[in-house]
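A quick write-up on the structure given underneath.
Numbering (my numbering), first residue to last: 1155 to 1717.
So, in structure tokens, the structure goes:
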């Protein structure tokens, strides 16, 4: 692979020195983390020259990316007049999409970007410059007098066309310097900007549209090419299966320049980057160099794995901290003679596991060997690969509660994106983790979630619990309340417990699993049926970036303990 796409500006930090605009690195390059610490830094002009020279010596083109008009919070924090409101901002310390973007109606904003691009042109000799164009909310433009005046003066229909005008304006400026621009596929939403190449990341639809319109295209859909994604989303075989030239991209005046493997570091500390990139990047490299005519042949992947085994030796010699080819383990649970039985299954080539059960009792656990789970706890496994223990650990939270694997009826249909594994997911003994995409969560948007459990006979209920999730930036809120009821016949119900969470009054930056448990009300009658109703929090509140949109509710396990 012979191109480095270098993302130099973001909401969370400005990373390139611009001598004429010192506040970009004095203010925009630094953010305050939740613990009060400062995080940041930037590349000096000399740093950039050294990177470019190193790449040139190896025949690698470096394409810088300067985000516009969105993902510009750091620049606006440094120079508030660049935004529509002119109000001061903090450099965000969290991931997300933010309302404040460059003001397209302000001539001084365009002049600012020309100064930045002059520096970029001087430092990067290649023919292309990436200008972003993705995830740019238009809410500020809609209420900005300058932007609305620009729309009228330029005869534009809406804010999407204003973005096209904005990008074309910067594209013409760069063309005068001998450069062409690349933008993410959102730049198509207001019509293809003249002279722009398109990088398609939200699937291949943007690539097909751009080819039809005659544009040059780079393909890097999240489904196969985002190397920051966990292995459960995109493993080595999935990366190798990518077809960068489907039939839909061969009928049009445009052309495919190539593909890309993207490594975003919001959720990947620097020590983890290599293990996420490799070996998946080797698969994408073969796909891009050889093409689908080779990689789609029967047996091609098996042949690739044989070559990869030799390549591992090279990476070992170079000290590359490559990762795994697929998730190392999966957890299987089932009912066995009235107990919850768990088994860790080793996945992938040459993977083995050893570990322990941290729960009632402390027992060693080996991959492939089933054991009985009593109560809540964690299965902690160490990963072995190619005959060596890696030190990497994988942990599975489980709960062998009394309601596990009993018949369950749902009042809702789970979202197809978050089924938790099926209709019985809330009683499979598997708890969710701090990652809401781990496959253990069941979720729905805009509705309450109610489930009724049949214990088979009346039992005295002692304790109830459910795992919920909070991640407001992803529209995931805690339930407003959780009501637990019991019944002997499934007709008449008695309250067992009520957990009140309350109205969402302010931002909560936590991103984590939050268990909601309760001791059942003393004096409650025995119950055969137990019903849990988690009340959705409603629409996102006024202070939220998606105010008025339906919020999500996530649940992992309906835990019932009897006396």
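Don't be surprised by glycine CBs; every beta carbon is placed ideally from N, CA and C. Please read all numbers here as calculations on a predicted model, not as lab measurements.
Secondary structure at residue i, three-state DSSP: helix, strand or coil?
| i | result |
| --- | --- |
| residue 1252 | coil |
| residue 1283 | strand |
| residue 1317 | helix |
| residue 1390 | helix |
| residue 1664 | coil |
| residue 1158 | strand |
| residue 1380 | strand |
| residue 1670 | strand |
| residue 1270 | helix |
| residue 1340 | helix |
| residue 1179 | helix |
| residue 1460 | helix |
| residue 1402 | helix |
| residue 1326 | helix |
| residue 1443 | helix |
| residue 1197 | strand |
How long is the line joining the alpha carbons of residue i and residue j, rounded to whole angstroms?
| i | j | result |
| --- | --- | --- |
| residue 1655 | residue 1705 | 15 Å |
| residue 1232 | residue 1587 | 37 Å |
| residue 1493 | residue 1717 | 16 Å |
| residue 1446 | residue 1395 | 8 Å |
| residue 1329 | residue 1368 | 18 Å |
| residue 1612 | residue 1642 | 6 Å |
| residue 1678 | residue 1519 | 39 Å |
| residue 1528 | residue 1468 | 46 Å |
| residue 1561 | residue 1583 | 13 Å |
| residue 1692 | residue 1228 | 32 Å |
| residue 1457 | residue 1287 | 39 Å |
| residue 1344 | residue 1567 | 36 Å |
| residue 1193 | residue 1165 | 13 Å |
| residue 1455 | residue 1461 | 10 Å |
| residue 1514 | residue 1686 | 26 Å |
| residue 1549 | residue 1385 | 15 Å |
| residue 1334 | residue 1281 | 6 Å |
| residue 1715 | residue 1234 | 56 Å |
| residue 1484 | residue 1607 | 26 Å |
| residue 1312 | residue 1305 | 7 Å |
| residue 1399 | residue 1464 | 28 Å |
| residue 1206 | residue 1351 | 22 Å |
| residue 1167 | residue 1310 | 32 Å |
Are residue i and residue j closer than 7 Å when you measure CB to CB?
| i | j | result |
| --- | --- | --- |
| residue 1390 | residue 1415 | no |
| residue 1340 | residue 1322 | no |
| residue 1346 | residue 1258 | no |
| residue 1290 | residue 1223 | yes |
| residue 1162 | residue 1170 | yes |
| residue 1670 | residue 1618 | no |
| residue 1510 | residue 1534 | yes |
| residue 1694 | residue 1638 | no |
| residue 1131 | residue 1605 | Any question about residue 1131 goes unanswered here, given that the chain covers just 1155 to 1717. |
| residue 1361 | residue 1373 | yes |
| residue 1632 | residue 1664 | no |
| residue 1498 | residue 1471 | no |
| residue 1476 | residue 1442 | no |
In the DSSP output, which residue or residues are listed as bridge partners for residue i?
| i | result |
| --- | --- |
| residue 1412 | 1372 |
| residue 1496 | 1487 and 1525 |
| residue 1564 | 1605 |
| residue 1167 | 1164 |
| residue 1517 | 1511 |
| residue 1622 | 1668 and 1709 |
| residue 1584 | 1552 |
| residue 1206 | Residue 1206 pairs with nothing; no bridge assigned. |
So the beta strand (DSSP E) residue i belongs to, where does it begin and stop?
| i | result |
| --- | --- |
| residue 1448 | Unbroken run through residue 1448 is the alpha helix (DSSP H), 1446-1449; no beta strand (DSSP E). |
| residue 1712 | 1706-1716 |
| residue 1428 | Not the beta strand (DSSP E): residue 1428 falls in the alpha helix (DSSP H), residues 1424-1431. |
| residue 1512 | 1505-1513 |
| residue 1639 | 1635-1641 |
| residue 1216 | 1215-1222 |
| residue 1553 | 1542-1554 |
| residue 1192 | 1192-1194 |
The ligand COA and residue i: does the residue's C-beta get closer than 6 Å to at least one heavy atom of that ligand?
| i | result |
| --- | --- |
| residue 1536 | Looking at this structure, you won't find the ligand COA or any other ligand, since it has none at all. |
Considering residue i, what are the terminal residues of the alpha helix (DSSP H) in which it resides?
| i | result |
| --- | --- |
| residue 1295 | 1293-1297 |
Of all the CB atoms in chain D, is at least one closer than 7 Å to the CB of residue i?
| i | result |
| --- | --- |
| residue 1249 | Annotation note: the requested chain D is absent from the structure, which comprises a single protein chain. |
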